[in-house]
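Enquirer: Okay, here's the structure, questions in a sec.
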Amino acid sequence: MNREQLEQNQIPLYFIAVALAAVFGLLAPGGASALEALVTPAIAVLMYAMFLQIPFLDLRAGLGNRRFMAALLLANFVLVPLLVWAGTRGLVEHPAVLVGALLVLLTPCIDYVVVFTHLGKGDARLTLAATPVLLLVQLALLPLYLALMLGGASHVEISVVPFVEAFVLLIALPLLLAVATSAGARRSALVSKWNDAWAWLPVPAMALVLIAVIGSQIGVVASRLDDLLPVVPVYVGFALLAPLLGWFVARMFRLSTGEARAVTFSAATRNSLVVLPLALALPESIRALAAAAVITQTLVELVSELVYVRVVPSLVRADHSS
Numbered sequence: 039m040n041r042e043q044l045e046q047n048q049i050p051l052y053f054i055a056v057a058l059a060a061v062f063g064l065l066a067p068g069g070a071s072a073l074e075a076l077v078t079p080a081i082a083v084l085m086y087a088m089f090l091q092i093p094f095l096d097l098r099a100g101l102g103n104r105r106f107m108a109a110l111l112l113a114n115f116v117l118v119p120l121l122v123w124a125g126t127r128g129l130v131e132h133p134a135v136l137v138g139a140l141l142v143l144l145t146p147c148i149d150y151v152v153v154f155t156h157l158g159k160g161d162a163r164l165t166l167a168a169t170p171v172l173l174l175v176q177l178a179l180l181p182l183y184l185a186l187m188l189g190g191a192s193h194v195e196i197s198v199v200p201f202v203e204a205f206v207l208l209i210a211l212p213l214l215l216a217v218a219t220s221a222g223a224r225r226s227a228l229v230s231k232w233n234d235a236w237a238w239l240p241v242p243a244m245a246l247v248l249i250a251v252i253g254s255q256i257g258v259v260a261s262r263l264d265d266l267l268p269v270v271p272v273y274v275g276f277a278l279l280a281p282l283l284g285w286f287v288a289r290m291f292r293l294s295t296g297e298a299r300a301v302t303f304s305a306a307t308r309n310s311l312v313v314l315p316l317a318l319a320l321p322e323s324i325r326a327l328a329a330a331a332v333i334t335q336t337l338v339e340l341v342s343e344l345v346y347v348r349v350v351p352s353l354v355r356a357d358h359s360s
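Numbering-wise (our numbering), the sequence shown opens with residue 39 and increments by one.
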């Protein structure tokens with residue numbers, strides 16, 4: 039299998055990884071702690087592999103697309119948070135589930151959203167170029183949104199330390215390494231070969247992350263289904279309404295078809311893999327259930343994305359662009 043075939047078949051590979059992880063997690067619950075220890079390093083490797091794919095030389099051109107960036111930021115950090123606030127009011131009596139739902143729904147995806155945007159015939163290169171901005175803004179705003187939206191569950195203590203650690207280990211360090219090796223590849227044949235080898239790794243790294251994440255948490259999801267049931271309609275409602283918000287903003291800014299589809303996918307796709315370490319760093323009394331709430335969203339979203347890649351190209355057509 040060459041690299042192109044690997045990328046073309048990545049969605050079935052991800053579903054196989056999820057299925058295997060779920061079976062392992064349910065049949066061998068003793069392995070959950072080992073897989074949980076893998077989550078953060080696996081995500082760091084994935085982030086480095088993903089950041090290496092960012093065309094840093096084209097970054098200025100991508101970020102210079104002001105209408106696209108404005109639409110992306112408005113959808114993800116104004117309208118989607120309003121939707122999340124409205125959708126989660128029924129969870130105030132379930133603080134652990136509420137925290138997990140807020141963590142995952144308030145953070146736009148920065149990894150497999152690129153894959154699904156490409157499959158949905160959107161401008162995946164613009165999405166990739168916007169990744170650093172989405173990361174920085176969500177990490178800056180997430181503590182503020184959590185403080186505003188926890189409502190009756192405001193007694194839940196959330197430390198800022200895990201956010202700083204997540205930023206350093208999962209974002210800053212992989213990003214700096216990727217920038218350094220990308221720059222070095224222009225001067226060194228050895229570094230260039232290193233980068234070429236890593237170009238194969240985003241798909242296997244994503245599969246590894248899914249195995250670590252699902253395998254370590256599926257046991258808790260299965261054992262706490264009754265506690266998690268209230269959040270399922272919230273996730274389904276989000277999956278139905280968030281892409282419509284993205285589509286609305288794209289029309290408002292009169293974006294091109296590819297740009298509009300990219301904004302639609304970004305609004306609908308959440309950052310479940312990267313926020314899981316934040317959920318696992320919560321106080322012990324709510325940690326397990328909050329993490330299980332994050333994983334529940336991942337399972338709902340993976341099914342939703344298969345619908346999106348077929349529906350979004352029809353919903354966001356050329357006659358809807360400028």
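Beta carbons are placed, not taken as given, at the ideal position from N, Cα and C, and that holds for glycine.
Return the CA-CA distance between residue 184 and residue 72, expressed in angstroms with no decimal places.
Expert: One C-alpha to the other measures close to 30 Å.
Enquirer: Once the 5 residues before and after residue 336 are set aside, which same chain residues still bring their CB inside 6 Å of it?
Expert: 310
Enquirer: Using a Cβ cut-off of 7 Å (strictly closer), state whether residue 78 contacts chain D.
Expert: Chain labels in this structure do not include chain D; a single protein chain is all it has.
Enquirer: On the DSSP letters alone, give me the boundaries of the alpha helix (DSSP H) that residue 343 sits inside.
Expert: That run of the alpha helix (DSSP H) goes 322-353.
Enquirer: Pull up the distance between the alpha-carbon of residue 272 and that of residue 176, whole angstroms please.
Expert: 21 Å
Enquirer: Going by other Cβ atoms of all chains shown within 10 Å of its Cβ, with 16 needed for buried, is residue 40 buried or exposed?
Expert: Flag for residue 40 reads exposed.
Enquirer: Residue range of the alpha helix (DSSP H) that residue 293 falls in?
Expert: Careful: residue 293 lies outside any alpha helix (DSSP H) and carries neither H nor E.
Enquirer: Ignoring anything shorter than 3 residues or poking outside the stretch 78-132, list the beta strand (DSSP E) runs there in chain order.
Expert: none
Enquirer: If you scan the stretch 150-188 from start to end, which runs of the alpha helix (DSSP H) of 4 or more residues do you find wholly inside it?
Expert: 150-157, 162-187
Enquirer: Regarding residue 238 and the ligand SAH, is the C-beta to nearest heavy atom distance less than 6 Å?
Expert: The model depicted lacks the ligand SAH and carries no ligand whatsoever.
Enquirer: Could you give the distance in angstroms between the alpha-carbon of residue 288 and the alpha-carbon of residue 200?
Expert: Cα-Cα distance, rounded: 34 Å.
Enquirer: Please state whether DSSP places residue 262 in a helix, a strand or coil.
Expert: coil
Enquirer: Residue 345 to residue 323, Cα distance in whole Å?
Expert: When rounded, the distance between both Cα atoms is 36 Å.
Enquirer: Going by the CB atoms, is the gap between residue 327 and residue 134 shorter than 7 Å?
Expert: yes
Enquirer: Tell me, please, which residues DSSP counts as bridged to residue 308.
Expert: DSSP, once it has assigned bridges, lists 146 as partnering residue 308.
Enquirer: Three Cβ pairs or more, each shorter than 8 Å: is that satisfied between the stretch 66-81 and the stretch 237-250?
Expert: yes
Enquirer: Classify residue 232 as helix, strand or coil using the three-state DSSP reduction.
Expert: helix
Enquirer: Given a cut-off of 7 Å, decide if residue 158 and residue 351 are closer than it, judged by their beta-carbon atoms.
Expert: yes
Enquirer: Let me make sure I understand the geometry here. Which of 146, 102, 88, 127 has the alpha-carbon closest to that of residue 116?
Expert: 146
Enquirer: Do three or more CB pairs link the stretch 311-320 to the stretch 118-128 at distances below 8 Å?
Expert: no
Enquirer: Nearest-angstrom Cα distance between residue 214 and residue 169?
Expert: 14 Å
Enquirer: Output yes or no for whether 7 Å exceeds the beta carbon distance between residue 268 and residue 132.
Expert: Contact: yes.
Enquirer: Taking residue 44 as part of the alpha helix (DSSP H), name the residues at either end of that continuous run.
Expert: 41-46
Enquirer: On the criterion of 16 or more Cβ atoms from any shown chain inside 10 Å, does residue 42 qualify as buried, or is it exposed?
Expert: exposed
Enquirer: Evaluate residue 114 with the Cβ neighbour count: other Cβ atoms within 10 Å of its Cβ, from every protein chain shown; 16 or more gives buried, anything less gives exposed.
Expert: Buried is the call here.
Enquirer: Buried or exposed: where does residue 255 fall if 16 or more other Cβ atoms within 10 Å of its Cβ makes it buried?
Expert: buried
Enquirer: Taking Cβ to Cβ, would you say residue 258 is nearer than 7 Å to residue 317?
Expert: no
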